[in-house]
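*Asks:* Handing you this structure, nothing more for now.
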Amino acid sequence: MPDPRPATLKVVYLARLREAFGTAGEDWPLPDTDAAVDSLVDALRARGGAWALELAPGRAVRVAVNHVMASPSTIVRAGDEVALFPPVTGG
Amino acid sequence: MPDPRPATLKVVYLARLREAFGTAGEDWPLPDTDAAVDSLVDALRARGGAWALELAPGRAVRVAVNHVMASPSTIVRAGDEVALFPPVTGG
Amino acid sequence: MGTSVRVQSALFEIGVEIDRMRAGDARIGAIATFIGTVRDVNDAAQVSALELEHYPGMTEQSLSDIADDAARRWDILGVSIVHRVGKLLPADPIVMVVVTSAHRREAFAACEFVMDYLKTRAPFWKKESTPAGDRWVEAHASDDDAAARW
Amino acid sequence: MGTSVRVQSALFEIGVEIDRMRAGDARIGAIATFIGTVRDVNDAAQVSALELEHYPGMTEQSLSDIADDAARRWDILGVSIVHRVGKLLPADPIVMVVVTSAHRREAFAACEFVMDYLKTRAPFWKKESTPAGDRWVEAHASDDDAAARW
């Protein structure tokens, strides 16, 4: 029996990205197949405006999936929490 | 006019040497000429007993003249404070 | 090996943090500590305040991983990391790392390792208030170089 | 550059010593601290107490020279050294070094340098009480190697 819940990611934006996008996060509908981090970032960038600017190729953006640092090829699945943020500057 | 005061060094013994020699120090008459640290140590060693043992060649003994680390060839002069002690173990 | 990590907005008491790690443990011969504080100048601008943001959950996990990593690499007895978030002023303490061990070499190395890793891997972001307005602090390549040493 | 050295039998307050070096100075971004404490085991024997002897006058001068040397070698803002003498018990603090600077790399390096030099050059001697009686602690070649790095 197919899972009746919608197949979504929880996307989280932090620091400069949160301010630039004007939101701390959103639910993101997943395509039928498993998707990779880079296809999510491509889709967000395609929104244009602050999205195109902040996620432009060459801008340093870090991605964590379920609180673990991820690479462009990391697979994301329904229910995952995917966070996008700039390089860290703590300490 | 020659200095009427006796030409002596103040010799100081510290830590293990103070205990082995049974004294914290003594006045040491200088010969007429300037003497070096090694001739003082030779003369002390010649006393035998604990002096011969603690100052035996090969035993690590440090010497400071007027609170500055000295070498065997450092010249000592009347009024100098010459300290003999084992390698330091602070901190 | 005791590891402890905390993220908090409240000021921490430096002496209390160190005493908590010592706790009368006479196996300890060496305690290396690092405290990072807010400077009033950064990248050629006056800084009047700092806002520190973190990623709840991931930040604590990241600090725990760094502390555990230090404990695997060196023969140490304890690691504690306290990092503040929220609004801070010049001279305020931001972060404190305490490492206890039998000998000083391991304590120093593990403490410096924790700071280098924290600077490049722990999810914290600083926003500075300057005369030209607020700005997000940029990451430094020198911090990446420092972390790559280990 | 503020340097401060003290030799005392009294216990020092760790938090107070660090706060004294910070003193609201917002040029400081990094504070590296080392505290050495009495271990209850040394060279395979139980240690129930330690007696620390120094050479009044030369010891203070030696610590001052080491602090000044650190300040010449690194771009730092302050160095303080407090070293205890007299009878100490396991877990008691023996020595504390605090280095303040704008950046962490310099603070860590200068703090470790001060400890390495202090261990091999500052006139202090330790006598341990063990089940087999009292004994003077022997110097370690590893401390000479550590000091020779700088």
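Chains as they are written, first to last, in this note's numbering: chain D, 11 to 101; chain G, 11 to 101; chain A, 9 to 158; chain S, 9 to 158.
Glycine included, each C-beta is placed from N, C-alpha and C at the ideal position.
Keep in mind the model is a prediction, meaning the values are calculated, not measured.
#1: With burial defined as no fewer than 16 other Cβ atoms inside 10 Å of the residue's Cβ, what is the status of residue 95 of chain S: buried or exposed?
#2: For residue 50 of chain S, write down the residues that DSSP places opposite it in a beta bridge.
#3: Using only CA atoms, which one of S/150, S/143, S/156, S/151 lies nearest to residue 29 of chain G?
#4: Taking all protein chains shown into account, decide if residue 87 of chain A is buried (16 or more other Cβ within 10 angstroms of its Cβ) or exposed.
#5: Out of G/40, G/32, G/91, which one is the CA nearest neighbour of residue 73 of chain G?
#6: Can you have a look at residue 70 of chain A and say buried or exposed, based on whether 16 or more other CB atoms are within 10 angstroms of its CB?
#7: Applying the criterion that 16 or more other CB atoms from any shown protein chain within 10 Å of the CB defines a buried residue, is residue 27 of chain G buried or exposed?
#8: What are the start and end residues of the beta strand (DSSP E) that includes residue 178 of chain A?
#9: Over the uninterrupted beta strand (DSSP E) stretch that includes residue 132 of chain S, give me the two end residues.
#10: Considering only their Cβ atoms, is the gap separating residue 61 of chain G from residue 50 of chain G smaller than 8 Å?
#11: Identify the contact partners of residue 95 of chain G in chain S, using a Cβ-Cβ distance below 8 Å as the criterion.
#12: From the DSSP secondary-structure annotation, give me the bridge partner or partners of residue 95 of chain G.
#13: With DSSP collapsed to three states, give me the class of residue 78 of chain D.
#14: Is there a C-beta anywhere in chain S that falls below 8 Å from the one on residue 147 of chain A?
#15: Pull up the DSSP beta-bridge partners for residue 45 of chain A, would you.
#16: DSSP three-state label for residue 109 of chain A, please.
#17: Is the shortest distance between the beta-carbon of residue 82 of chain A and the beta-carbons of chain D less than 8 Å?
#18: Please tell me whether residue 26 of chain D has its Cβ less than 8 Å away from any Cβ of chain A.
#19: Considering residue 37 of chain D, what are the terminal residues of the beta strand (DSSP E) in which it resides?
#20: When Cβ atoms are compared, which residues of the region 68-79 of chain D fall closer than 7 Å to chain A?
#21: Determine, for residue 100 of chain D, whether the minimum Cβ-Cβ distance to residues of chain A falls below 8 Å.
#22: Taking DSSP's pairing of strands, which residues face residue 61 of chain S in a bridge?
#23: Using CA atoms only, rank isn't needed, just tell me which of D/66, D/67, D/85, D/52 is closest to residue 75 of chain D.
#24: With a threshold of 8 Å between beta carbons, is residue 104 of chain A in contact with chain D?
#25: Give the single residue among S/64, S/57, S/20, S/80 whose Cα lies nearest to the Cα of residue 22 of chain G.
#26: Using C-beta distances below 7 Å, list every residue in its chain close to residue 63 of chain G, excluding the 5 sequence neighbours before and after it, in chain order.
#27: Taking residue 58 of chain S as the query, report the chain G residues whose CB atoms sit under 7 Å from its CB, ordered along the chain.
#28: Since residue 84 of chain D sits in a beta bridge, which residues does DSSP pair it with?
#29: Once DSSP output is grouped into helix, strand and coil, what is the label at residue 128 of chain A?
*Replies:* From the atom records:
#1: exposed
#2: S/53
#3: S/143
#4: buried
#5: G/91
#6: buried
#7: buried
#8: In the structure as shown, chain A begins at 9 and stops at 158. Residue 178 of chain A is therefore absent and cannot be evaluated.
#9: 132-138
#10: no
#11: 63, 131, 133
#12: G/72
#13: strand
#14: no
#15: A/101
#16: strand
#17: no
#18: yes
#19: 35-39
#20: 74, 77
#21: yes
#22: S/133
#23: D/85
#24: no
#25: S/64
#26: none
#27: Neighbours of residue 58 of chain S on chain G: none; closest Cβ ~10 Å, over 7 Å.
#28: Answer is none; residue 84 of chain D lacks a bridge partner.
#29: helix
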